[in-house]
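Input: a single structure, listed below in structure tokens.
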Amino acid sequence: MPELPEVETIKQSLAPYVLGQRIREVTLYQPRVVARPGPEDFCRLQAGATVRSLARRGKYLLFYLEEERVLVVHLRLTGRLVWQASPGPLSKHTHVVWHLDNGFLLYEDLRRFGRLWLVRETELVEVAGLAALGPEPLGEGLGGSWAAAFWRRDRPLKSLLLDQRFVAGIGNIYADEILHRAGLHPLRRAATLSKGEAEALAEAIRNVLTEAIEHRGTSIRDYVDGQGASGQHQDFLQVHGRAGKACYRCGTPVVRIKLGGRGTYFCPGCQQ
DNA sequence: CCGAACCTGTGT
DNA sequence: ACACAGGTTCGG
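The following block contains the structure:
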């Protein structure tokens, strides 16, 4: 479900409801979603702790608690984190409930691919994938030395954008949208980019992700923010999910192919 | 590199 | 019945 703009929106929409709140109790309904520690420790070690701060790294959401403990959440495809004033009737896909002083934080996940970790700050490197993440695309990390890595990569551009070690936070929707914005074909080999094309790609990454955050994320099917609200960026998609429809820029019908097992949309008219 | 696996649901 | 879905990891 969520890529960087969605996780960032969840973080921002959750912050006013969870920051400074004390966790009275944690109820775990589906132990499989907790990667570590064991189910009893996961609940016991959070009880009584206060949420100090929130952070995002790539598609990971981090809740910094007291005693240097960090709750790390990766929502994968269908995970949701939603705050509610009252618990309401729980759905069959609600796997964790945090009982806060002011209400309830729910973790729901239809496909149960998402994972949660509770670790000490010093153990963050042990969270799968977290330590290997590439630079934050909205930080200062997409400069010249980053772009220079293009020339050494004989891979299709889209698979490079989806590689979280190369740049953190981009997923299937935004990879398609970024390449369309930059006018680059998803199968184009990274090593063949000119300096100008590499700079255009870095700028497209920043612009597309920034606009998606301004639209509070893309809600195609499952995504909602921390208050259960849908995003708006689905109304601004240029190619993703638009196979057979005219490109807004040049009128050429958008094409769908498979690349690395993922549905990939592009405009053959304006992406080379 | 590719497909399979992890899961459940929706759409054709 | 079959394809497909905002992700990642594992095995061949």
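Residues 214 to 485 in our numbering are what the first sequence lists, from first letter to last. Every residue gets a Cβ at the ideal spot worked out from N, C-alpha and C, and that includes glycine.
Whole-angstrom distance between residue j and residue i, CA atom to CA atom
i: Ala403; j: Thr431; result: 27 Å
i: Arg308; j: Arg365; result: Looking at the sequence provided, one finds His at residue 308 rather than Arg. Going by the C-alpha atoms only, they are around 43 Å apart.
i: Gly441; j: Gly251; result: 29 Å
i: Asp389; j: Lys458; result: 15 Å
i: Pro350; j: Ala381; result: 7 Å
i: Leu323; j: His306; result: 5 Å
i: Gly356; j: Leu343; result: 21 Å
i: Ala413; j: Glu424; result: 16 Å
i: Thr465; j: Pro481; result: 7 Å
i: Met214; j: Gly292; result: 7 Å
i: Leu370; j: Trp359; result: 14 Å
Chain-order list of residues whose beta-carbon lies under 6 Å from that of residue i (same chain, five-residue window excluded)
i: Ile426; result: Pro218, Glu221
i: Gly473; result: Ser372
i: His398; result: Gln484, Gln485
Any non-hydrogen atom of the ligand GDP closer than 8 Å to residue i Cβ
i: Val247; result: As presented, the structure is devoid of all ligands, the ligand GDP included, so that no description of it is given.
Coarse secondary structure for residue i, derived from DSSP in three states
i: Ile433; result: coil
i: Gln297; result: strand
i: Phe317; result: strand
i: Tyr478; result: strand
i: Thr307; result: strand
i: Ile391; result: helix
i: Val332; result: strand
i: Ala459; result: strand
i: Gly292; result: strand
i: Leu400; result: coil
i: Arg383; result: A small correction: the amino acid at residue 383 is Ile; Arg does not occupy that position in the sequence shown. If DSSP states are grouped into helix, strand and coil, Ile383 belongs with coil.
i: Pro302; result: coil
i: Asp438; result: coil
i: Pro218; result: helix
i: Val231; result: helix
Reference residue i; option with closest CA among the options
i: Gln447; options: Arg455, Gly356, Gln440; result: Arg455
i: Leu450; options: Arg257, Gly292, Leu422; result: Leu422
i: Val437; options: Phe326, Val295, Gly476; result: Val295
i: Arg368; options: Gly342, Glu353, Leu400; result: Leu400
i: Gln377; options: His312, Thr477, Leu346, Val239; result: Leu346
i: Ala362; options: Ala411, Pro300, Gln445, Ile391; result: Ala411
Contact set for residue i: own chain, Cβ-Cβ below 8 Å, skip 5 residues either direction
i: Leu267; result: Lys224, Leu227, Ala228, Val231, Leu232, Leu274, Leu275, Phe276, Tyr277
i: Asn420; result: Arg394
i: Arg282; result: Leu258, Gln259, Ala262, Leu331, Val332, Arg333, Glu334
i: Leu241; result: Val247, Pro252, Phe255, Cys256, His308, Val309
Residues near residue i in its chain [Cβ-Cβ closer than 7 Å; skip 5 each side]
i: Val340; result: Val285, Trp330, Val332
(request) Enumerate, from N- to C-terminal direction, the unbroken beta strand (DSSP E) stretches of 3 or more residues contained entirely within the region 236-288. (result) 236-241, 247-249, 266-270, 273-277, 282-287
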